[in-house]
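Participant: Once you've had a glance at the structure underneath, I'll fire off some questions.
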Amino acid sequence: MSHRRPDRWTRLPLALALCAAVLGAGCAGEESARLVDFLDELEFDVPLETAAYVSLGRFDIPISAQGGAGKASAFVQEIADQGLVWMRLQFELTAETTPAQEKELLEVAERHRGALSDAVLTAVRTSTVDELADPHLSAINAKLTDVVRPILGEELVRQFVLNDPATVAAQEKAKQKAGHGDGHGEDAGHGEESHGEEGHDAEGHGEEGHGDEAHGEHGDEGHGEDAHGDH
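Quick note on numbering: the sequence shown equals residues -7 to 223 in the working numbering.
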């Protein structure tokens, strides 16, 4: 799973060239204005480099916090249990790479899935309470860069991005909305997508005669005819 966005550094060389050209032209008035217009037109012809973002997994890690964990953040939930405070650190780890290296990074991440997960758990569980309570998880991100990046390949990963659960949920909601946007509306629940990932909207289909078996969540082969008869 990945997506792309324009790289903020792509326009830097062009901006520097523009500044140099304007300074070189001095106060030539009309000539300077023409040069600026010309460079502005060229800017639209320069292809923007994009960055690809590859999801490396979602993590929900409980950590025992002696003496309390302070304030919870978007990433952390505190759970008191028999005098102890458990901090649950939840995040999605995403790696930024180039579009040309996206496929290779996906393959490498899959091959080293076990080592990657172990490295993430170790980095989190050896962190201090203050590091875990940091709303930006800056120290943990730095640790992950040190231990996970070598596993995936220094040349494949630009940086890591940690998304909190609320951000992940918002992204998924936006994707679902975009997926149902082309006239599917109310009828989208009866299409093939309704039986796809994670079996969402199960209760809604039960009222319309599809039943709980239609989503395959029960794994009961005996309901096969009821579940797929209409399809």
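Heads up, the beta-carbon is just placed ideally off N, CA and C, and yes, glycines get one too.
1. Bridge partners of Thr86, per DSSP?
2. Closer than 8 Å is the cut-off here; do at least three beta carbon pairs connect the region 80 to 90 with the region 44 to 58?
3. Can the beta-carbon of Val100 be found closer than 9 Å to that of Ile53?
4. Once DSSP output is grouped into helix, strand and coil, what is the label at Val77?
5. With a cut-off of 8 Å on the beta carbons, I'd call Leu97 and Leu148 a contact; round off their distance for me.
6. Here's the rule I'm using: 16 or more other beta-carbon atoms within 10 Å means buried, otherwise exposed. How should Ala115 be labelled?
7. Of all the options Arg141, Phe67, Val121, Ala66, which has the alpha carbon lying nearest to the alpha carbon of Ala107?
8. With distances taken Cα to Cα, identify the nearest neighbour of Leu136 among Ala125, Ser119, Pro127.
9. Please determine, among Met79, Ile143, Thr42, Asp122, the residue with the shortest C-alpha to C-alpha distance to Ile55.
10. Counting only beta-carbon separations shorter than 9 Å, does Val153 have a partner in chain D?
11. Rounded to the nearest angstrom, how far is the Cβ of Leu124 from that of Leu81, given a contact under 8 Å?
12. Output the distance between the C-alpha atoms of Val38 and Val68, rounded to the nearest integer angstrom.
13. Is it true that the CB of Arg50 sits closer than 9 Å to the CB of Phe83?
14. According to DSSP, simplified to helix, strand and coil, what is Val140?
15. Kindly identify the DSSP beta-bridge partner or partners of Ser56.
16. Beta-carbon within less than 6 Å of Thr159's beta-carbon, same chain only, minus the 5 sequence neighbours each way: which residues are those?
17. Using C-beta distances below 6 Å, list every residue in its chain close to Ala57, excluding the 5 sequence neighbours before and after it, in chain order.
18. With which residues is Val160 paired in a DSSP beta bridge?
19. Contact defined as beta carbons within less than 8 Å: I believe Asp156 pairs with Ala66. What is the distance between those atoms, to the nearest angstrom?
20. Just the C-alpha distance for Val139 and Pro127, rounded to the nearest angstrom, thanks.
21. Can you name the residues that DSSP bridges to Val68?
Facilitator: Taking the geometry as given:
1. Residue 86 sits at position 94 when you count from the first residue of the sequence shown. Answer is Ser47, Val153, bridged to Thr86.
2. Yes, since at least three Cβ pairs between the region 80 to 90 and the region 44 to 58 fall closer than 8 Å, the two stretches touch.
3. Walking along the sequence shown from the start, residue 100 turns up at place 108. Walking along the sequence shown from the start, residue 53 turns up at place 61. No.
4. The count along the sequence shown starts at 1 and reaches residue 77 at position 85. In the structure shown, Val77 adopts extended strand secondary structure according to DSSP, grouped into three states.
5. Start at 1 with the first residue of the sequence shown, and residue 97 comes out as number 105. Start at 1 with the first residue of the sequence shown, and residue 148 comes out as number 156. The beta-carbon distance between Leu97 and Leu148, rounded to whole angstroms, is 5 Å. This is short enough to meet the 8 Å contact definition.
6. Numbered from its first residue, the sequence shown carries residue 115 at position 123. Classification of Ala115: buried, given that the 10 Å Cβ count is 16 or more.
7. The count along the sequence shown starts at 1 and reaches residue 107 at position 115. Minimum Cα distance to Ala107 is reached at Arg141.
8. As a position in the sequence shown, residue 136 is number 144, starting the count at 1. That would be Ser119, whose Cα lies nearest to the Cα of Leu136.
9. Here residue 55 is taken as the residue at index 63 of the sequence shown, counted from 1. Nearest option by C-alpha distance: Met79.
10. Among the chains of the structure shown, chain D does not appear; only one protein chain is present.
11. Taking the first residue of the sequence shown as position 1, residue 124 is located at position 132. Taking the first residue of the sequence shown as position 1, residue 81 is located at position 89. Between Leu124 and Leu81 the beta-carbon gap is near 6 Å, inside 8 Å, which marks them as a contact.
12. Against the sequence shown, residue 38 aligns to sequence position 46. Against the sequence shown, residue 68 aligns to sequence position 76. Model confidence at Val38 stands at a pLDDT of 44, short of 50, so the residue's coordinates are unreliable; what they give is reported in the following sentence. Computed Cα separation, rounded: 43 Å.
13. Position 91 of the sequence shown, counted from the start, is the residue given in the question as residue 83. Position 58 of the sequence shown, counted from the start, is the residue given in the question as residue 50. A contact, by the Cβ cut-off of 9 Å.
14. Locating residue 140 in the sequence shown gives position 148, where the first residue counts as 1. The three-state reading of DSSP puts Val140 in coil, since its state is none of H, G, I, E or B.
15. Sequence index remark: in the sequence shown, residue 56 carries index 64 (1-based). In the DSSP output, where bridge partners are listed per residue, Ser56 has Trp78.
16. Residue mapping note: residue 159 aligns to position 167 of the sequence shown, counting from 1. Hits under 6 Å: none found.
17. Along the sequence shown, read from residue 1 onward, the residue named residue 57 stands at position 65. Within the same chain, Val77, Met79, Val121 come within 6 Å of Ala57 by CB-CB distance, once the 5 residues on both sides are set aside.
18. As a first step, residue 160 is located in the sequence shown; it is residue number 168 there, counting from the start. Looking at the DSSP assignment, Val160 forms no beta bridge with any residue, so it has no partner.
19. Position 164 of the sequence shown, counting from 1, holds the residue named residue 156. Position 74 of the sequence shown, counting from 1, holds the residue named residue 66. Indeed they touch by this definition, with Cβ atoms about 4 Å apart.
20. Here residue 139 is taken as the residue at index 147 of the sequence shown, counted from 1. Here residue 127 is taken as the residue at index 135 of the sequence shown, counted from 1. Roughly 21 Å between the two C-alpha positions.
21. The count along the sequence shown starts at 1 and reaches residue 68 at position 76. For Val68, which the question treats as bridged, DSSP gives the partners Leu81.
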